[in-house]
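Novice: Residue numbers (the numbering used here): 358 to 504.
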């Protein structure tokens, strides 16, 4: 199966241990008739801070509770997906398919944001049971949060 260019570009920014999980998520969802794409992955601290400002000091709704350095996205261990129409022309911000993709992700060993108190259905992360502080320290010291 060929993964779309946007997803592959995003997947390549992820930690090498997370990349095959993201690809398997797409492949499994596709086999179940769900058109899912990886729409966000690694973020700089500045990019994360800009998202954090949304709905607080900048217009828009709040989309994250994490500042720069406080998100798994900052360490290449998290990605967000989007559900699209079969022809990929329409993005669905809300869809019952997110729950189906969530179950797929969990079966692969990913943590799914759809289970959180602050529900984030498009979000998946893989941290091998490490705390955010442990991921941050490893990433800042070695460049690999999962080393």
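Using N, Cα and C, we set each Cβ at its ideal position, and we do this for glycine too.
In three-state terms, what does DSSP make of residue 457?
Specialist: Taking the chain shown and counting its residues from 1, the one referred to as residue 457 is at position 100. Three-state DSSP puts residue 457 in a helix.
Novice: What ranges does the beta strand (DSSP E) occupy inside the stretch 382-412, keeping only unbroken runs of at least 3 residues that lie completely in it?
Specialist: If we require 3 residues or more, the beta strand (DSSP E) runs fully inside the stretch 382-412 come out as 392-397.
Novice: Using only the alpha-carbon positions, how far apart do residue 460 and residue 373 sit?
Specialist: For the purposes of this step, residue 460 is taken as residue 103 along the chain shown, with counting starting at 1. For the purposes of this step, residue 373 is taken as residue 16 along the chain shown, with counting starting at 1. Residue 460 and residue 373: Cα-Cα distance of roughly 22 Å.
Novice: Cα-Cα, which of 488, 368, 358, 445 is closest to residue 427?
Specialist: Numbered from its first residue, the chain shown carries residue 427 at position 70. Ranking the options by Cα distance to residue 427, first place goes to 488.
Novice: Does DSSP put residue 475 in a helix, in a strand, or in coil?
Specialist: For the purposes of this step, residue 475 is identified with residue 118 of the chain shown, where counting begins at 1. Of the three classes helix, strand and coil, the one that applies to residue 475 here is coil, per DSSP.
Novice: Buried or exposed: residue 440, going by 16 or more other Cβ atoms within 10 Å of its Cβ?
Specialist: To locate residue 440, count along the chain shown from 1; it is residue 83. Per the 10 Å Cβ criterion, buried.
Novice: Per the DSSP calculation, residue 439 is bridged to which residue(s)?
Specialist: As a working mapping, residue 439 is identified with position 82 in the chain shown. BP columns for residue 439 point to 394.
Novice: Do residue 435 and residue 375 count as a contact pair if the criterion is CB distance below 9 Å?
Specialist: As a working mapping, residue 375 is identified with position 18 in the chain shown. As a working mapping, residue 435 is identified with position 78 in the chain shown. Yes; because the gap between Cβ atoms is below 9 Å, this pair is in contact.
Novice: Evaluate contact between the stretch 399-415 and the stretch 380-389, counting only Cβ atoms and requiring at least three cross-stretch pairs below 8 Å.
Specialist: Judged by Cβ distances under 8 Å, the stretch 399-415 makes no contact with the stretch 380-389, as fewer than three pairs qualify.
Novice: Between the beta-carbon of residue 425 and the beta-carbon of residue 455, is there less than 9 Å?
Specialist: The residue given as residue 425 occupies position 68 in the chain shown. The residue given as residue 455 occupies position 98 in the chain shown. Not a contact, by the Cβ cut-off of 9 Å.
Novice: Could you check the C-alpha separation between residue 394 and residue 478 for me, to the nearest Å?
Specialist: In the chain shown, the residue the question calls residue 394 occupies position 37. In the chain shown, the residue the question calls residue 478 occupies position 121. The straight-line gap from Cα to Cα measures roughly 13 Å.
Novice: Is the beta carbon of residue 398 closer than 9 Å to that of residue 368?
Specialist: Counting from 1 along the chain shown, the entry for residue 368 is found at position 11. Counting from 1 along the chain shown, the entry for residue 398 is found at position 41. In contact: residue 368 and residue 398 (Cβ atoms closer than 9 Å).
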